[in-house]
Amino acid sequence: MLTPSLRTTVTSVALLSVIFGSWSTCGIARAEEDSACPWPQWRGPTRDGIVSGSCWPDSLSEEALHEAWRVELGPSYSGPIVTSEHVIVTETVDKKSESVRAFDRRTGEGVWRVSWPGAMSVPFFAKANGDWFRSTPACDGEHIFVAGMRDVLVCLRVDTGQELWRTDITTIPGGSLESFGFVCSPLIDGDGVIVQTGAGIVRLEKRTGVIQWRVETDDGGMSGGAFSSPVTATLQGKRQLVVQTREQLQGRDVQSGNLLWSIDIPAFRGMNILTPTVLDDRIFTSSYGGGSFMVDVKTDGNNWTAELLWENKIEGYMSSPIVRNGFIYLHLRNQRLTCLDAETGKEQWRSKPFGKYLSMLVHDDEILALDERGELLLFQANPTAFELLQRRQISESPTWSYLGMTTNNLFLRELNGLVCYRRSQDGND
Numbered sequence: 009m010l011t012p013s014l015r016t017t018v019t020s021v022a023l024l025s026v027i028f029g030s031w032s033t034c035g036i037a038r039a040e041e042d043s044a045c046p047w048p049q050w051r052g053p054t055r056d057g058i059v060s061g062s063c064w065p066d067s068l069s070e071e072a073l074h075e076a077w078r079v080e081l082g083p084s085y086s087g088p089i090v091t092s093e094h095v096i097v098t099e100t101v102d103k104k105s106e107s108v109r110a111f112d113r114r115t116g117e118g119v120w121r122v123s124w125p126g127a128m129s130v131p132f133f134a135k136a137n138g139d140w141f142r143s144t145p146a147c148d149g150e151h152i153f154v155a156g157m158r159d160v161l162v163c164l165r166v167d168t169g170q171e172l173w174r175t176d177i178t179t180i181p182g183g184s185l186e187s188f189g190f191v192c193s194p195l196i197d198g199d200g201v202i203v204q205t206g207a208g209i210v211r212l213e214k215r216t217g218v219i220q221w222r223v224e225t226d227d228g229g230m231s232g233g234a235f236s237s238p239v240t241a242t243l244q245g246k247r248q249l250v251v252q253t254r255e256q257l258q259g260r261d262v263q264s265g266n267l268l269w270s271i272d273i274p275a276f277r278g279m280n281i282l283t284p285t286v287l288d289d290r291i292f293t294s295s296y297g298g299g300s301f302m303v304d305v306k307t308d309g310n311n312w313t314a315e316l317l318w319e320n321k322i323e324g325y326m327s328s329p330i331v332r333n334g335f336i337y338l339h340l341r342n343q344r345l346t347c348l349d350a351e352t353g354k355e356q357w358r359s360k361p362f363g364k365y366l367s368m369l370v371h372d373d374e375i376l377a378l379d380e381r382g383e384l385l386l387f388q389a390n391p392t393a394f395e396l397l398q399r400r401q402i403s404e405s406p407t408w409s410y411l412g413m414t415t416n417n418l419f420l421r422e423l424n425g426l427v428c429y430r431r432s433q434d435g436n437d
């Protein structure tokens, strides 16, 4: 059974008033503001879209949330990384090279830029989504780990951009260039960094780039590589790597890579894209052409098993879900939002269509979402009905990247630019 707290019914609240400069004061901790990297990776500090200790916008109005600065960039789908001083983003330049750029997070002024040859061409049927960066970097406060499209992992100094090492994963025996490029966003774990690539699942030493282990090699081609980004979680008392391959959901020993458990996840052409979502000792995922699945992980102390707790035909696609109070908020292949009971898989409601993709963050009982058409949505995490609080057309450019947030700022990576939105009553960051 899920814990009682996960079964708490969310109480509906009235529509929030639009007040000049209004943001919720969420018990802001200076520890976050002083952190070396307050927004360090894909989907935020805990890799699940949960925002804690930050201000949260009560209003999406232009008066309350204004544009502080904007810079023009080459195209990318990478989300921003925010350090104590900088905002770091990637770009593809002239379809020939890749760059990593750092900007002063207060002013938007350029700080450093590093470039290398590395662009690639994706298959013709994926051309509509471009040939540019997919992966969001990861930061430990001193280093930033960047996955270039051609399966090259590069480690840079955060303060200067100096390259410390690079590992071309295609040169690993049995490795191959992914047809769709390096999609997985790196995961930092202690002294290592973990990725899924055309060479399988790989853990590299963070300091040197030396490979510590590699598992799950594949045959390359259209079925090779991976779309999903892994997470770490403690299941049944053991900390492990939870990873979604093109065919399976797996749990692996994070230090050795040894397989603990696995379960098949059907998907059209292996399009398992979502980041696994962990709820206690259970894991949720949803696939294009496969449906939605809740997996229960068990162990007797020696042997591990993964059993299907429930499944349905509801199809997620590219947008990783948000979990709140025992309910899963999932953006679907048909562009609608749905709410699923995590205990049973029962659908609670379904919204009208929005965009093809949603970048979602949650704080308390509110969800902030950005669709790929540049519309910012604020809605209630309410299992009884879809309750849209506010909406704002915040960009006229495609916005496929994940949002970044710090105490007073919302960072939005448009396809061809980076924008900082700041609460109007406070000029600080």
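With the working numbering applied, the sequence shown corresponds to residues 9 to 437, in that order.
Glycine included, every Cβ here is placed at the ideal spot set by N, Cα and C.
Being a predicted model, the structure only gives us computed values, none of them experimental.
### Task
Taking 8 angstroms as the cut-off, decide whether the C-beta atoms of F335 and P391 are in contact.
yes
### Query
Are P99 and R113 touching if we call contact CB-CB under 8 angstroms?
Note that residue 99 is Glu in the sequence shown, not Pro. No, the Cβ-Cβ distance between E99 and R113 is not below 8 angstroms.
### Query
With distances taken from CA atoms, which of R358, R165, N333 and W312 is nearest E323?
R358
### Message
As a quick exercise: from N333, D308, L340 and V331, pick the residue whose alpha carbon is nearest that of T321.
### Response
Contrary to the premise, residue 321 reads as Lys rather than Thr in this sequence. With distances taken between Cα atoms, K321 lies closest to L340.
### Message
Using a Cβ-Cβ cutoff of less than 7 angstroms, which residues in the same chain neighbour Q343 once the five nearest sequence positions on both sides are dropped?
### Response
P361, F362, G363 and K364
### Query
Is DSSP giving K364 helix, strand or coil here?
coil
### Message
Excluding the 5 residues flanking P238 on each side, which residues of the same chain have their C-beta closer than 7 angstroms to its C-beta?
### Response
L195, I202, Q204, L249, V250 and V251
### Query
Using 8 angstroms as the Cβ pair cut-off and three pairs as the minimum, do the stretch 54-73 and the stretch 103-110 touch?
no
### Query
Which of the three DSSP states, helix, strand or coil, is assigned to N424?
coil
### Query
Which residues bound the beta strand (DSSP E) around D349?
R344 to D349
### Message
Measuring only the C-alpha atoms, how far is S140 from E351?
### Response
Looking at the sequence provided, one finds Trp at residue 140 rather than Ser. The alpha-carbon atoms of W140 and E351 are separated by roughly 39 angstroms.
### Query
When DSSP labels each residue in this structure, what does I177 get in the three-state scheme?
helix
### Query
Just the Cα atoms here: how many angstroms apart are P83 and N137?
11 angstroms
### Query
Excluding five sequence neighbours on each side, which residues of the same chain lie with their C-beta closer than 8 angstroms to the C-beta of E404?
G382
### Message
Check for me: the beta strand (DSSP E) holding S105 runs from which residue to which?
### Response
S105 to D112
### Task
Give every residue of the same chain whose Cβ lies closer than 6 angstroms to the Cβ of L345, excluding the five residues on either side of it in the sequence, and list them in chain order.
H339 and S359
### Message
Just to confirm my understanding: we take V26, look at its own chain, exclude 5 residues before and 5 after, and list those with CB closer than 6 angstroms. What are they?
### Response
Its pLDDT being 32, under 50, V26 is placed unreliably in this model, and the coordinates cannot settle the point.
### Query
From A37 to L420, what distance separates their C-alpha atoms?
Only weak support is given to the placement of A37: the predicted model assigns it a pLDDT of 41, under 50, and the value that follows is read from those uncertain coordinates. Straight-line Cα distance between these residues: approximately 23 angstroms.
### Query
Does DSSP classify K306 as helix, strand or coil?
strand
### Query
Per DSSP, what kind of secondary structure is E301 in: helix, strand or coil?
Here the sequence assigns Phe to residue 301, which means Glu is not the residue at that position. F301 falls in the strand class under three-state DSSP.
### Reference W269, options D304, N416 and T313, closest by Cα
T313
### Query
When burial is assigned at 16 or more other CB atoms within 10 Å of the CB, is R260 buried or exposed?
buried
### Status (buried if at least 16 other CB within 10 Å, exposed otherwise) for I285
Sequence inspection shows Thr at residue 285; the Ile mentioned does not correspond to that position. It is buried - the Cβ of T285 has at least 16 other Cβ atoms within 10 Å.
### Boundaries (first-last residue) of the beta strand (DSSP E) holding T144
Per DSSP, T144 belongs to no beta strand (DSSP E) and is neither H nor E.
### Task
Output the boundary residues of the beta strand (DSSP E) element that contains A76.
L73 to E80
### Query
Roughly how many angstroms lie between the CA atoms of G298 and G116, to the nearest whole one?
43 angstroms
### Inter-residue spacing [alpha-carbon to alpha-carbon] between R431 and N424
23 angstroms
### Query
For K354, which three-state DSSP category applies?
coil
#### Entry: Sequence ranges, beta strand (DSSP E) only - wholly within the stretch 217-287, length at least 3
219-223, 239-243, 246-252, 256-261, 267-272 and 285-287
#### Entry: Length of the line joining the Cα atoms of H371 and T415
13 angstroms
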